[in-house]
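Below is one structure, written out as structure tokens; the observations come after it.
4 protein chains.
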Amino acid sequence: MHPHRFFTLTASCPDRSGIIARVAGFIAEHRGWILESSYHADAAVEPVATRDEAGRYYMRIEIRADSLPFHLAEFRERFRPVAEELEMTWKITDSAVKKRVVLLVSKQEHCLYDLLARWQSKELDIEIPCIISNHDTFRGFVEWHGIPFHHVPVDASNKAAAFAEIRRIFDEVRGDTMVLARYMQILPPELCAAYPGRVLNIHHSFLPSFVGARPYHQAYQRGVKLIGATCHYVTADLDQGPIIEQDVIRIDHSDSADDMVRYGKDIEKAVLARGLRYHLEDRVLVHGNKTIVFR
Amino acid sequence: MHPHRFFTLTASCPDRSGIIARVAGFIAEHRGWILESSYHADAAVEPVATRDEAGRYYMRIEIRADSLPFHLAEFRERFRPVAEELEMTWKITDSAVKKRVVLLVSKQEHCLYDLLARWQSKELDIEIPCIISNHDTFRGFVEWHGIPFHHVPVDASNKAAAFAEIRRIFDEVRGDTMVLARYMQILPPELCAAYPGRVLNIHHSFLPSFVGARPYHQAYQRGVKLIGATCHYVTADLDQGPIIEQDVIRIDHSDSADDMVRYGKDIEKAVLARGLRYHLEDRVLVHGNKTIVFR
Amino acid sequence: MHPHRFFTLTASCPDRSGIIARVAGFIAEHRGWILESSYHADAAVEPVATRDEAGRYYMRIEIRADSLPFHLAEFRERFRPVAEELEMTWKITDSAVKKRVVLLVSKQEHCLYDLLARWQSKELDIEIPCIISNHDTFRGFVEWHGIPFHHVPVDASNKAAAFAEIRRIFDEVRGDTMVLARYMQILPPELCAAYPGRVLNIHHSFLPSFVGARPYHQAYQRGVKLIGATCHYVTADLDQGPIIEQDVIRIDHSDSADDMVRYGKDIEKAVLARGLRYHLEDRVLVHGNKTIVFR
Amino acid sequence: MHPHRFFTLTASCPDRSGIIARVAGFIAEHRGWILESSYHADAAVEPVATRDEAGRYYMRIEIRADSLPFHLAEFRERFRPVAEELEMTWKITDSAVKKRVVLLVSKQEHCLYDLLARWQSKELDIEIPCIISNHDTFRGFVEWHGIPFHHVPVDASNKAAAFAEIRRIFDEVRGDTMVLARYMQILPPELCAAYPGRVLNIHHSFLPSFVGARPYHQAYQRGVKLIGATCHYVTADLDQGPIIEQDVIRIDHSDSADDMVRYGKDIEKAVLARGLRYHLEDRVLVHGNKTIVFR
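In order, the protein sequences belong to chains A, B, C and D.
Here the first sequence stands for residues 145 to 439, numbered as in my numbering.
Here the second sequence stands for residues 145 to 439, numbered as in my numbering.
Here the third sequence stands for residues 145 to 439, numbered as in my numbering.
Here the fourth sequence stands for residues 145 to 439, numbered as in my numbering.
Right under this line is the structure:
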């Protein structure tokens, strides 16, 4: 959280010597001031005798906007040769451009209230162009906040049309990120595929335990002593996408499955809020089915 | 969380042998069904050779309402001789009678949104007869929920009158419990004295560290690696009342004092919600400046 | 941890009204002084209209030994009619009789050092009649502590004989509890069956995630953000027995599977020590494949 | 934890643009391979318009030893001009040179057993040239491990001489780091001053709460719901030195001060082990009375 406007460069490339020097050198050459930077070499890759055996290198760099003599378009133009030389996958974003986040909810209130509180206080400095739900429950609450609300019912007979409508709305409002804030419908594979790394879900278990429906009841049956929640990117494989954040809370034998549901809500909203923040600040880089999270 | 209506008996008395037998015997005699019960002997008291050296004994018992042949008034009448024999301080409450909780807030939203989400979903099954604030910030939000909102400004010149007004409102709505949900004014001693064990505060540090103003800035200066929050009963001694619940979250050198404020909000609302729940379920018994919390 | 000698009664029986009154009444009748007591009704059983629909009731009661006019043999004799009336499964133990705990280890040191440190300082007030290992690695260390060490090699060809020998030793030293302190062999089903609720294992994952071999490597592959450990009773179903205690620790993308192994050791030894203590203090009651842990 | 031999460069300097480019450029120029690197700008310094207002910049860089064409002496020679240009405080260490760590203990076993287990398994890859104690309690245990043991009694009459002797031993064995592993004597100011940033203590509270003697008893009196431990550098101000690591554990009303002492031991040894590891891996940079810990 810097008071300055800044650009965030995130990149990955094959590991080799001299990467930081090359990138930081480019920035320094233009007198760019680095506010924060993080680097990670994929630890699995050893020994590293030749280029071909090398692992992958990840980085995230925040640069003060007013320290550079140009803006994003020219940065992108000038940086391209460096990126090509290093065979990089990369992007750069501007802290002054708010991300557009569309929330999908069902009937549970905890994640919705939590995210709107953070949005209302500008702790989450985002645009929420609309909220979509398969129930009409929260229309009044959402509209009171001045946010458009779309009721898109989903049932066995209209699934394809319903999700086509959700996609149409998301595209129409130019959404950057879709957040399933305890949205109790499974997204169809084509929707997952359309927005890779842009749809976040909060699953109400400590994955990979208790995949699928009613995880707290599964946890109750197994007699675990901690329950958890997992924020992950949605992929076509249910509850199998790259994990962004997880946490747990202690329970004991005196807690019923309903008690676990109640305790779990506190973990779910905290984990979703943290995972979403990491995502929005471009702190999450995906590597296969895993994430690098530069906290 | 039982589906049944139940009575909750909480009591403390000088420790001696036979207390549980006497109390559980009374309940059994009337065919009362105990759903949950907890007992605690003040561990400090040793050796226990004579009555006079004995410590204090605490208990909390939930009895199914429909298992008893009478209701609270008659329970109180019949139990009185037992309680007198044991020199008990005691009370009994009815799960069907909702507690009346008045919230005091200032300009920070997180505890307010969190508590209203729990109230809206009946996770917190209480009445909120009104919300009082020294700012008008949340009037619309509160009134949208159908809860009366009172703006009682407080400044150096009107303190006595302002707190007299708060007290008048609290009494008028027959409040059971007052919750300072990040209310940024210090209650005058006479108000604290008027409602002992009925006013809860959330302090934004892990007490006894960082008493008073700007605890996150104090924590930042000291370079601690965890920050916390404390829910406690308010007494005339600022931040010194009996502690009900605490928790912490990890931070590191990269976190500014402002980051700590943000992280802290998540701990504050979770700790306040847990502490308040224990209080409302009559799980908290005060013993000098400490609490017994029968979770 | 009381300074007094005490008896610990643990029991379970069908739930009904009057159980506490009956048991506490029996104790009070003999002027027994209850130091600590805990009760739990199996929450799953609802509604409770008739005896047949009732759930199960669990209790643990500590009674000062010097407050009773008789000792264990006579307690057992006199309590039997009460227990029969309530259809109880029960036992009573004496804090003055040290439990006899046999440790099984392989080549990893952390749980062994940890448990011997607790034994050496009397924090764990037990007898360790011997330590058994499939390797000779720790002979010197164990023998330096004055504890007999048995090297029982296990390989594909001698499994039956090896485990018969382990069982012979355990019986010969009159072991109460067997602790697999990172013992890297799978016990045969007949050994598990011979000592139900008496063999504890520490599994190096947060079960039910990552059952079986190399759980940290499984965790690394899945990209979880927390790793854990589980102390459970051993049954013939590998890693499926009743869970006594669990805990987790945070890791991140920079941690290799080897780092996880290292972090995990700290959780393993802490979880095993806590689980073992609960077991030794008769705080763990088994209910199907779950545990009640009266902490 | 890399399988490679590596050099660790740690440095701090006034913040300005181009620091990473300059340092990483130097390393790249010599074809050095950076395994891991971390950077931190002192966030308190804003706005940063001129050099004089700038904050301080911290870094830690691991370089594969076999990627450089020279060793430490020549690295130091060649890097000096860069460091001078940036006005750096810096050092570089070699992972192949084991740190020499002297432990000071009293009568409590837990940190000693814990550290020796880690040393025995090479999890802590250090030399322990000797262990010093004011009691003779652990002589046998230490010597069994092949480590020299020095009994240096300390009492009111011989303090100066005793600590002079400790200092003599530490210098004689060429100690790098002194660890007070629950050593129950207060070091004299001149000893603290002689080894700044090289003496680690584990304090048995969550500082700044409960400074001084018997912190668990202070915690018990105050009725806190979590207890903790703090690993910090020792300075002449008792329990006031820069904090390296902290953690807490939950307790409740049923825990006596003695129970807290027992629970606390588990936190103390874990926190000391983590803090010591960070220190030994040159992950801790001191900034006034605070630390940067590059985990």
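Ideal placement from N, C-alpha and C gives every residue a C-beta, glycine not left out.
Subject >> Contacts around B:Arg195, its chain only, beta-carbon distance under 8 angstroms, and the 5 residues preceding and following it disregarded >> reply: Note that B:Arg195 scores 45 on pLDDT, short of 50, meaning its location in the model is unreliable; the coordinates nonetheless yield the value given after this. Here the set comprises Pro158, Arg160.
Subject >> D:Asp399, enclosing beta strand (DSSP E) - first and last residue >> reply: In this chain, D:Asp399 is not harboured by any beta strand (DSSP E), its DSSP state being neither H nor E.
Subject >> Cβ-Cβ separation, B:Lys369 to D:Ile395 (assumed contact under 8 angstroms), whole Å >> reply: Not really, about 20 angstroms apart at Cβ, beyond 8 angstroms.
Subject >> Which listed residue (C:Lys242, C:Tyr364, C:Phe170, C:Phe314) has its alpha carbon closest to that of C:Ile275 >> reply: C:Phe314
**OP:** State yes or no: is the beta carbon of B:Ile387 nearer than 9 angstroms to at least one beta carbon in chain D?
**Re:** yes
Original post:
So with Cβ pairs under 9 angstroms, would you call B:Asp391 a contact of chain D?
Top reply: yes
Original post:
For D:Ile207, which three-state DSSP category applies?
Top reply: It is a strand residue.
**OP:** To the nearest angstrom, report how far apart C:Phe219 and B:Pro147 are at their CA atoms.
**Re:** 38 angstroms
Original post:
Quick one, are the C-beta atoms of C:Gln150 and C:Leu179 less than 9 angstroms apart?
Top reply: The identity of residue 150 of chain C in the sequence shown is Phe, whereas the question assumes Gln. Yes.
Original post:
Per DSSP, A:Asp391 forms a beta bridge with which residues?
Top reply: A:Asp391 is bridged to A:Ala373.
Original post:
Along chain D, which residues have their Cβ under 9 angstroms away from the Cβ of A:Ile175?
Top reply: Correcting the residue identity first, residue 175 of chain A is Arg in this sequence and not Ile. Those are Ser161, Gly162, listed as they occur along chain D.
Original post:
Mapping DSSP to helix, strand and coil, what is D:Ser161?
Top reply: coil
**OP:** Could you check what DSSP says for D:Ile236 in three-state terms: helix, strand or coil?
**Re:** strand
Subject >> Cβ neighbours of A:Met322 in the same chain (closer than 7 angstroms, five flanking residues each side left out) >> reply: Val246, Leu248, Phe314, Tyr339, Arg342, Val343
Original post:
Rounded to a whole number of angstroms, what is the C-alpha to C-alpha distance between A:Asp402 and B:Val430?
Top reply: 29 angstroms
Original post:
Taking Cβ to Cβ, would you say A:Ile310 is nearer than 9 angstroms to A:Leu335?
Top reply: Yes, these two residues count as a Cβ contact at 9 angstroms.
Subject >> Beta-carbon contacts of C:Leu268 that lie in its chain and below 6 angstroms, excluding the five residues immediately before and after >> reply: Result list for C:Leu268: Arg262, in chain order.
**OP:** Please determine if the segment 376-386 of chain B and the segment 422-437 of chain D are in contact, where contact requires at least 3 C-beta pairs separated by less than 8 angstroms.
**Re:** no
Subject >> Cα-Cα separation between B:Glu412 and A:Lys235, rounded to whole angstroms >> reply: 36 angstroms
**OP:** Out of A:Tyr364, A:Glu271, A:Ser182, state which residue places its alpha-carbon closest to the alpha-carbon of C:Asp186.
**Re:** A:Tyr364
**OP:** Return the residue from the list D:Ser250, D:Thr233, D:Leu256, D:Ser265 that minimises the CA-CA distance to C:Glu253.
**Re:** D:Ser265
Subject >> Continuous alpha helix (DSSP H) stretch holding D:Ala308: start and end >> reply: 303-316
Original post:
Does the beta-carbon of A:Asp210 have 16 or more other beta-carbons within 10 angstroms, so that it is buried, or is it exposed?
Top reply: exposed
**OP:** State yes or no: is the beta carbon of D:Asp210 nearer than 9 angstroms to at least one beta carbon in chain B?
**Re:** no
Subject >> A:Arg342, DSSP secondary structure in three states >> reply: coil
Subject >> Partner residues on chain A for C:Pro352, Cβ-Cβ distance less than 7 angstroms >> reply: Ser353, Arg366
Original post:
Residues of chain D with CB under 9 angstroms from B:Ile436, in chain order?
Top reply: Asp396, His397, Ser398
**OP:** Grab the span of the alpha helix (DSSP H) containing B:Ala363 for me, first residue to last.
**Re:** Note, B:Ala363: alpha helix (DSSP H), 359-366.
Original post:
Which class does B:Tyr327 belong to by DSSP, given the choice of helix, strand or coil?
Top reply: coil
Original post:
Looking at C-alpha atoms only, which residue of B:Trp288, B:Ser301, B:Pro292, B:Thr152 is the closest neighbour of B:Asp448?
Top reply: Since the first residue shown for chain B is 145 and the last is 439, residue 448 of chain B is missing from the structure and cannot be characterised.
Original post:
Around the Cβ of A:Asn345, are there at least 16 other Cβ atoms within 10 angstroms (buried) or fewer (exposed)?
Top reply: Under this definition A:Asn345 is a buried residue.
Original post:
Given a threshold of 16 other Cβ atoms within 10 Å of its Cβ, counted over all protein chains shown, does D:Lys303 qualify as buried or as exposed?
Top reply: Classification for D:Lys303: exposed.
**OP:** Establish whether the CB of C:Ser181 and some CB of chain G are separated by less than 9 angstroms.
**Re:** Structure shown: chain G not included; protein chains present are A, B, C and D.
**OP:** Kindly say whether D:Lys413, judged by its beta-carbon, lies nearer than 9 angstroms to any beta-carbon of chain B.
**Re:** no
Subject >> Under 7 angstroms from the C-beta of A:Lys369: neighbouring residues of chain C >> reply: Listed along chain C, the residues sitting closer than 7 angstroms to A:Lys369 by beta-carbon distance are Ile387, Glu389, Gln390.
Original post:
Nearest-angstrom Cα distance between A:Gly356 and D:Asp410?
Top reply: 37 angstroms
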